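Report on one structure; see the data block that follows.
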Amino acid sequence: MGDMERDHGIKLKYDTTLRSQNAAYDFIYGDHKKSWELLPACFHMSMKENPGTSAYIETDKDDVFEYAFISFNASAGFLSYCRPVIVIDGTHLKGKYKGILFVATTKDGNEQIFPLAFGIGDKECYSAWMWFLQKLRSTFGCPENLVIVSDRHPSIKSAMEVVYPEAVHAICSYHLR
Numbered sequence: 001m002g003d004m005e006r007d008h009g010i011k012l013k014y015d016t017t018l019r020s021q022n023a024a025y026d027f028i029y030g031d032h033k034k035s036w037e038l039l040p041a042c043f044h045m046s047m048k049e050n051p052g053t054s055a056y057i058e059t060d061k062d063d064v065f066e067y068a069f070i071s072f073n074a075s076a077g078f079l080s081y082c083r084p085v086i087v088i089d090g091t092h093l094k095g096k097y098k099g100i101l102f103v104a105t106t107k108d109g110n111e112q113i114f115p116l117a118f119g120i121g122d123k124e125c126y127s128a129w130m131w132f133l134q135k136l137r138s139t140f141g142c143p144e145n146l147v148i149v150s151d152r153h154p155s156i157k158s159a160m161e162v163v164y165p166e167a168v169h170a171i172c173s174y175h176l177r
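9 is the number that full-length UniProt numbering gives to position 9 of the sequence shown; each next residue is one higher, with no gaps.
Structure, rendered in structure tokens:
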């Protein structure tokens with residue numbers, strides 16, 4: 001605002017400047033609400049163009065988004081070239097719409113991180129981890145000698161005991177400090 005006044009002699013109101021900035025942001029990056037509305041179509045096209053992809057969206061009784069899960073077909077045969085070790089974690093989404101991004105990864109034979117699945121939930125809680133782990137299990141099963149590594153979040157431990165009782169649940173050494 002100060003630059004416009006100094007360089008061009010034009011005084012701008014704060015709310016006018018903010019609206020213009022938001023409109024430019026939406027033009028460049030897209031509208032958040034429309035992006036969320038496109039998620040079902042994006043999942044549908046992913047499954048159509050990449051057969052074997054697993055994608056799920058769950059809403060509540062009022063059709064409000066609760067959870068999403070996607071695992072691309074390229075991840076399906078990970079046991080052919082990876083050890084039966086899955087690392088799960090969640091991170092907070094900090095955009096306009098809050099929530100948790102869930103991830104499941106492994107390491108390939110070249111010690112590179114290999115993504116298995118992604119999920120989105122409203123918060124990091126028992127029901128969200130239950131839903132994500134159930135979708136993970138329905139996609140990959142529970143191979144023999146499976147180890148799942150996570151942080152020490154109590155809801156992960158509780159959900160693991162229900163969904164993967166036969167798997168070994170290990171704690172990431174980074175989170176042991």
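We put the beta carbon where it would ideally sit given N, CA and C, even for glycine. Computed from a predicted structure; not experimentally measured.
Coil, strand or helix - Glu166 by DSSP: In the three-state reduction of the DSSP assignment, Glu166 falls in the coil class.
Segment contact, 8 Å Cβ cut-off, at least three pairs: the stretch 85 to 94 with the stretch 51 to 69: No: fewer than three Cβ pairs fall under 8 Å.
Coarse secondary structure for residue 179, derived from DSSP in three states: Within the shown structure, residues of the chain are numbered from 1 to 177, placing residue 179 beyond reach of any answer.
Straight-line gap, Ser150 to Glu161 (C-alpha atoms, nearest Å): When rounded, the distance between both Cα atoms is 13 Å.
Alpha-carbon to alpha-carbon, Trp129 and Asp26: So the two alpha carbons sit approximately 32 Å from each other.
Helix, strand or coil at residue 219 [DSSP, three-state]: A query on residue 219 cannot be resolved here, the shown segment of the chain reaching from 1 to 177 and no further.
Boundaries (first-last residue) of the alpha helix (DSSP H) holding Thr59: Going by DSSP, Thr59 is part of no alpha helix (DSSP H) but of the beta strand (DSSP E) stretching over Ser54 to Thr59.
Proximity to Ile113 [Cα-Cα], best of Asp122, Val103 and Ile120: In terms of Cα proximity to Ile113, the closest of Asp122, Val103 and Ile120 is Val103.
Segment contact flag, the stretch 93 to 102 with the stretch 164 to 173, C-beta cutoff 8 Å, min 3 pairs: Contact fails: fewer than three Cβ-Cβ distances are below 8 Å.
Delimiting residues of the beta strand (DSSP E) encompassing Phe132: No beta strand (DSSP E) contains Phe132, which is instead part of the alpha helix (DSSP H) from Tyr126 to Phe140.
Terminal residues of the beta strand (DSSP E) in which Leu93 lies: Val85 to Leu93 is the span of the beta strand (DSSP E), which, as asked, contains Leu93.
8 Å Cβ cutoff met for Phe72 and Asn50: Yes.
First and last residue of the uninterrupted beta strand (DSSP E) at Ser71: Looking at the DSSP string, the run of the beta strand (DSSP E) that includes Ser71 is Phe65 to Ser71.
Rounded separation between Ala55 and Arg19 - CA only: Between Ala55 and Arg19, the C-alpha separation is close to 36 Å.
Integer Cβ distance of Tyr174 from Ser155, believed to fall under 8 Å: Actually they do not touch by this definition, with Cβ atoms about 19 Å apart.
Start and end residues, beta strand (DSSP E) containing Ser150: Per DSSP, Ser150 belongs to the beta strand (DSSP E) from Val147 to Ser150.
Where Pro143 sits in the DSSP three-state scheme: DSSP places Pro143 in coil when its eight states are reduced to three.
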